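Asker:
Residue numbers (this note's numbering): -10 to 245.
1) By Cβ distance below 6 Å, which residues in the same chain neighbour residue 120 in space, the five residues on each side in sequence not counted?
2) For residue 80, I'd like the list of residues in its chain whose CB is within less than 8 Å of its CB, leaving aside the five on either flank, ordered along the chain.
3) May I have the straight-line CA-CA distance separating residue 110 from residue 205, to the nearest angstrom?
4) Given a threshold of 16 other Cβ atoms within 10 Å of its Cβ, counted over all protein chains shown, does residue 154 qualify as buried or as exposed?
5) What is the rounded straight-line gap between the Cα of residue 215 and the Cα of residue 75?
6) On the DSSP letters alone, give me the boundaries of the beta strand (DSSP E) that residue 229 sits inside.
7) If distances are taken between C-alpha atoms only, which option among 213, 197, 73 and 170 comes closest to residue 116?
8) Give the straight-line distance between the Cα atoms of residue 145 and residue 106, rounded to the nearest whole angstrom.
9) What is the residue span of the alpha helix (DSSP H) that residue 143 lies within?
10) Buried or exposed: residue 167, going by 16 or more other Cβ atoms within 10 Å of its Cβ?
11) When the Cα of residue 151 is compared with those of 185, 113 and 99, which residue comes out closest?
12) Which first and last residues belong to the beta strand (DSSP E) in which residue 97 is found?
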């Protein structure tokens, strides 16, 4: 695989969005099978799974009775109470996310009041807010290459609004963009992204800068860049804020 400097630049946002943003987010390191956690929640990566068939504990979900906050299962009745509690806690982060809202507005060349977050009043209360992701040190992150796109999040917003409402609001899937704001970046943390000029797959590398907003189209095949596990830095986490945005008329809807 080859790498080109021009393609590396393609993963960076326009200059107006490159703001130094380091919100004072409180987070608590947790323990779990995959050493990966996010708050408030994620999308439905497990749509075909039946939560009733999950064992008492599994590698994928942990304890069955806590499945209500995760993925597709957050839409099931058993998750209602937890969803409500998580939504209340997520909204407490919104004042800390004010710099993020302003930077997104600068990126889109609009004003902050035109940037809607999942969880905002006005019909967006049940849509997921921007998510804080925590990766704890683990040998897994030294080797994993999870190549994927974020296209699932376009379908996520369409499901939330319904197809007719999605069209009425003039939401444009072509504008769908992924955003990452690193808060803590261990040595080597970043992104790998892929294209195929002239039919040859090319792997390209982009390193994270703490406090800088990074943006790319949701259709871009990409993977977390593996970073080395070091025993002398076993407490070194990788912490990012992640959100996805779609233009709906004069508004930009940001969610997770």
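Idealized CB from N, CA, C, for every residue including glycine.
On a predicted model such as this, the values are computed, not experimentally measured, just so you know.
Answerer: Reading it off the structure:
1) As a first step, residue 120 must be located in the chain shown, where it is residue number 131. Cβ within range, chain order: 27, 231 and 245.
2) Residue 80 sits at position 91 when you count from the first residue of the chain shown. Around residue 80: 108 and 118.
3) By 1-based counting over the chain shown, the position of residue 110 is 121. By 1-based counting over the chain shown, the position of residue 205 is 216. Those two C-alpha atoms are separated by around 27 Å.
4) Counted from its first residue, the chain shown places residue 154 at position 165. By the 10 Å Cβ count, residue 154 comes out exposed.
5) One-based indexing of the chain shown puts residue 215 at position 226. One-based indexing of the chain shown puts residue 75 at position 86. Cα-Cα distance, rounded: 30 Å.
6) As a position in the chain shown, residue 229 is number 240, starting the count at 1. Segment 227 to 237, the beta strand (DSSP E) holding residue 229.
7) Against the chain shown, residue 116 aligns to sequence position 127. With distances taken between Cα atoms, residue 116 lies closest to 73.
8) Taking the first residue of the chain shown as 1, we reach residue 145 at position 156. Taking the first residue of the chain shown as 1, we reach residue 106 at position 117. Roughly 14 Å between the two C-alpha positions.
9) On the chain shown, residue 143 is found 154 positions in, with the first residue counted as 1. Element bounds for residue 143: 141 to 150.
10) For the purposes of this step, residue 167 is identified with residue 178 of the chain shown, where counting begins at 1. So residue 167 ends up on the buried side.
11) Taking the chain shown and counting its residues from 1, one reaches residue 151 at position 162. Minimum Cα distance to residue 151 is reached at 113.
12) Within the chain shown, residue 97 is the residue found at index 108, counting from 1. No beta strand (DSSP E) holds residue 97; the alpha helix (DSSP H) holding it covers 87 to 97.
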